[in-house]
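Please read the structure below before turning to the comments.
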Amino acid sequence: MDSHQTTASTPSILGNRFIQTILLSNVLLQIGIWVRNFAILLYVAERTNNDPYAISLISIAEFAPIFVFSFIGGTFADRWLPKRTMIWCDLLSAASVFIVLLTIHYGSWHSVYFVTFISAILSQFSQPSGMRLFKQHVPEHQLQQGMALFQSLMAIFLVLGPMLGTFLYSNLGLEPSIAVMGVVFILSALVLMRLPKDRVDKAAHSGKGQFRKEFVEGFRYVWNSPVLRMLGLAFILAGLAVGLAQALTLFIVTERLGRTEEFLQYILMVNGAAMLIGGGIVAVFSKRVAPQLLLALGMLFSALCTVIVGYSTSVAVTLVTQFVNGLVFPCIHIGISTMILKWSHESIVGRVNGVLNPMFMGMMVVSMSFAGALKHSYPLESIYTAAGILFLIGASVMVPIMNKKAPESANAVSPSS
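Spelled out as structure tokens, the structure:
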């Protein structure tokens, strides 16, 4: 069939039953995640009198599973039935929430960390399964639009999530807030039952017992693909730059702008609102722009905006720059997600995601860890300039693959070929 006929006969992105179901599930999950993040943060801060070590343990519980389980989760996601995996992950998350709720009720408040830890582990199995289903049920010409919708959803909750989490904890307390988390995880599992029935891949089931081989295959697949290899490098550079900039935003507020810590919320709100608008714009125009170009443009504008923020002492200039940065930042995430889907075979997309995702998160955590030490030795302008240069290098590594076309087949090249 002619590609134009295929495009014409395909329903709109929002008319796709799969997209409708996944978006509704993600709305529920985002409610649970933000309530979890802020209820636990505020509870631990209140319980420990703002002890930095106790508060930092929340981030460790959230990010540590990404490094340990991302590769493993991606490999199993390629072996298991994706719809069933996602439903079970949501149900197990709900079960862990209610178990923790009981332990808190009977006096063990430290178990609040367990909620974040278990939820983060299960997401390493659920998220790549969702990517596989995306590959199966969304036409290739709509992949970038689909990713843009997800980015817009994330941006909405970047603005509303903190307010929702704070409101529930302030008005209901910890235990009802955690109960809300459990309920929305169950609702998400029920919503996911609307997804089409899983395709049974006989090849995947015949490979049982070859976990180590499949695990290594994911790394080999990324390394053998020039596009995915360059994407991995861009991931590393973006992670380093984002970590530096995010970790020191508070000092931009207090030192460069001379405002109190409370002013940070306005910068975050402006950035989040711009990300929502940017995601919507990309959703409309994404068909006309290659994902490599989208990623390069996002990193190029981020480089410029990061340097301006580092040097600015004007509140107006900083807010406008943060708005522009938020407007283009979705291009980075949408470009990356689309490239993973377009250049990965359906049978290995979970492992590709499992290999690349920790590169971004890992480098972000590394640069956040060193940001404090760098702040003691160098002025903010120099650090933000360095972050801008990292973004600029990330944009430049896209140049060699800018004209690369995604494989004609939606399944790309199989890992065994």
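Everything in the sequence shown is counted per the working numbering, starting at 27 for the first residue and increasing by one. Note that the Cβ used here is the ideal one computed from N, Cα and C, for glycine as well.
Test item: CB-CB of residue i and residue j under 8 Å
i, j, result
"Phe95", "Ile147", "yes"
"Ala174", "Gly305", "yes"
"Met325", "Gly420", "yes"
"Ala397", "Ala273", "yes"
"Val248", "Val381", "yes"
"Val296", "Pro356", "no"
"Ala103", "Gly284", "no"
"Met112", "Ser155", "yes"
"Gly298", "Gly352", "yes"
"His359", "Gln170", "no"
"Met385", "Gly258", "yes"
"Trp135", "Arg73", "yes"
"Gly244", "Met389", "no"
"Val206", "Leu194", "yes"
"Leu67", "Ile81", "yes"
"Phe160", "Gly172", "yes"
"Gln318", "Met387", "no"
"Ser137", "Val126", "yes"
"Met394", "Ala322", "no"
"Val217", "Ser51", "yes"
"Leu19", "Ser214", "Outside the displayed range of the chain (27 to 443) lies residue 19, so it cannot be described from this structure."
"Leu179", "Leu49", "yes"
"Gly414", "Thr344", "no"
"His167", "Pro222", "no"
"Tyr139", "Leu200", "no"
"Phe327", "Val354", "yes"
"Glu240", "Thr101", "yes"
Residue interval of the alpha helix (DSSP H) (run including residue i)
i, result
"Ser363", "Val341 to Lys368"
"Ile307", "Leu290 to Phe311"
"Tyr404", "Element bounds for Tyr404: n/a, residue is neither H nor E."
"Met219", "Per DSSP, Met219 belongs to no alpha helix (DSSP H) and is neither H nor E."
"Gln236", "Premise fails: Gln236 is in no alpha helix (DSSP H) and is neither H nor E."
"Gly199", "Looking at the DSSP string, Gly199 is not in any alpha helix (DSSP H), and its letter there is neither H nor E."
"Ile59", "Arg43 to Thr74"
"Pro252", "Pro252 to Ala273"
"Leu107", "First-last for Leu107: undefined, no H or E at that position."
"Val335", "Pro317 to Tyr337"
Neighbour-count burial assignment, residue i, 16 or more Cβ in a 10 Å radius
i, result
"Ala229", "Any reading at Ala229 must be qualified, since the residue scores a pLDDT of 49, below 50, and its modelled position is unreliable; no value is offered."
"Arg314", "exposed"
"Arg238", "exposed"
"Ser232", "Low confidence applies to Ser232: its pLDDT is 48, below 50, so where it sits in the model is not reliable, and the reading given next is rough at best. It counts as exposed."
"Leu367", "buried"
"Ser119", "buried"
"Ser363", "buried"
"Asn23", "Look at the range of the chain in this structure, 27 to 443, and you will see that residue 23 is not part of it."
"Tyr410", "buried"
"Arg282", "buried"
"His402", "exposed"
"His131", "exposed"
"Thr339", "exposed"
"Glu287", "exposed"
"Asp77", "exposed"
"Lys431", "exposed"
"Gln348", "buried"
"Lys109", "buried"
"Ala34", "Annotation note: pLDDT 47 at Ala34 (below 50); position unreliable, coordinate value reported separately. It is exposed - the Cβ of Ala34 has fewer than 16 other Cβ atoms within 10 Å."
"Gly41", "exposed"
"Phe311", "exposed"
"Arg225", "exposed"
"Leu448", "Examination of residue 448 is not possible in this model, given that the chain is present from 27 through 443 alone."
"Trp106", "buried"
"Asn379", "buried"
"Val70", "buried"
"Arg43", "exposed"
"Ile39", "buried"
"Val253", "buried"
"Gln56", "buried"
8 Å Cβ cutoff, residue i in contact with chain D
i, result
"Gln291", "The structure shown contains no chain D; it holds only a single protein chain."
Problem - alpha helix (DSSP H) runs contained entirely in the stretch 113 to 185, provided each spans 4 or more residues - result: 138 to 163
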